[in-house]
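Below: one structure, written as structure tokens.
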Amino acid sequence: MKIIVFAIPDYTNPVLDALTNTGYEIIDVIRQSKSLKDDNFFEEFKKNSPDICVVAAYGKIIPKKYLDLPKYGFINIHPSLLPRYRGPSPIKTAILDGETLTGVSIMKVDEEMDHGPIISNIKYPVSSDKYHQEIQKDLWELGAKLLIETLPNYISGETKPVPQDDSQATSTKKFTRQDGRINWSSSAEKIFNQIRALGDDPGVWTLWKGKSLNIRQAHPLTTSHVVSSTGLVEYVDNEIAVATGKCYLVLRTIQLEGRKETDAKSFVNGHPDFINSKLE
């Protein structure tokens, strides 16, 4: 069984490791820098004559001439319960939406984005205190395990792909820095989900004294308080917290533009005027 993997480096490494450790022969790994429109590359692909191709966060539509070559086609590992969260940012979008359950789907690739029939899937409970990087790591490890469990039955024909219900499909987008700007009129829970989803990339931020202040780690205050003016930084229950549209958000780790990341209490020691100031 000769396999070619189409993948982004690093966080999809569990997929490569799982295939190698199970004894499958990976004859090539294709990164995004390769142009699938290059005729010479296509000829090289044909000569390699893979039996199956595995796609893991590749982020490009695979042309039909590639899809038709391997005996068992292309299969894609997608970190959501398809047809929900098709597209480039399924994990981040699920966290932003406050989902408590997501998962991994393995599907047969067709010429549309994350549209092909489902071969298998597995559910994953989303912990409310985990951030994107942790959840991403968990899902790719889960996806690698599911792939190894799925391949034998798919190749033997015992497992038949099932078409997706397009009426239930939702889509995701690539996030920009502007998506990370905090609206302090939102609830503390919504802002917390924004930080969990986008804090590592593209970043979640606000303005303090005209400079951008990145919020790396935070959490909603669990005790009940009457909220003051939104965006106001205060001491609440001996914590450094910001008033939101609903509840307070406790700041844990922050980074002022041009400075190193620090915990909120250390930041206040160096900037006492941070308390009772307004974030915008």
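All the letters of the sequence shown, read from the start, carry residue numbers 6 to 285 under our numbering. By construction, the Cβ of each residue, glycine as well, lies at the ideal position given by its N, Cα and C atoms.
Item                                                                                                    : Value
Per-residue burial, residue 78 [other beta carbons within 10 Å of its own, 16 or more giving buried]    : buried
CA-to-CA distance, residue 184 to residue 92, given in whole angstroms                                  : 17 Å
Any C-beta of chain D under 8 Å from that of residue 174                                                : In the structure shown, chain D does not exist; there is a single protein chain.
Inter-residue CB distance, residue 208 and residue 20 (contact presumed, cutoff 8 Å)                    : Going by Cβ atoms, the distance from residue 208 to residue 20 rounds to 27 Å, so no, they are not a contact pair.
Continuous beta strand (DSSP E) assignments of at least 3 residues falling wholly in the region 175-244 : 210-213, 216-225, 238-241
Neighbour-count burial assignment, residue 221, 16 or more Cβ in a 10 Å radius                          : buried
Under 8 Å between C-beta atoms of residue 106 and residue 130                                           : yes
Uninterrupted alpha helix (DSSP H) stretches inside the region 247-284 (no shorter than 4 residues)     : 269-275
Contact belief for residue 83 with residue 95 at Cβ below 8 Å, rounded distance in angstroms            : 7 Å
Paired residues, beta bridge with residue 118 - DSSP                                                    : The partner list for residue 118 (beta bridge, DSSP) is empty, contrary to what the question assumes.
Rounded separation between residue 123 and residue 166 - CA only                                        : 5 Å
For residue 106, the three-state DSSP class (helix, strand or coil)                                     : strand
Rounded separation between residue 36 and residue 223 - CA only                                         : 35 Å
Nearest-angstrom Cβ-Cβ length linking residue 118 and residue 67, presumed shorter than 8 Å             : Actually they do not touch by this definition, with Cβ atoms about 10 Å apart.
Limits of the unbroken beta strand (DSSP E) element including residue 31                                : 30-35
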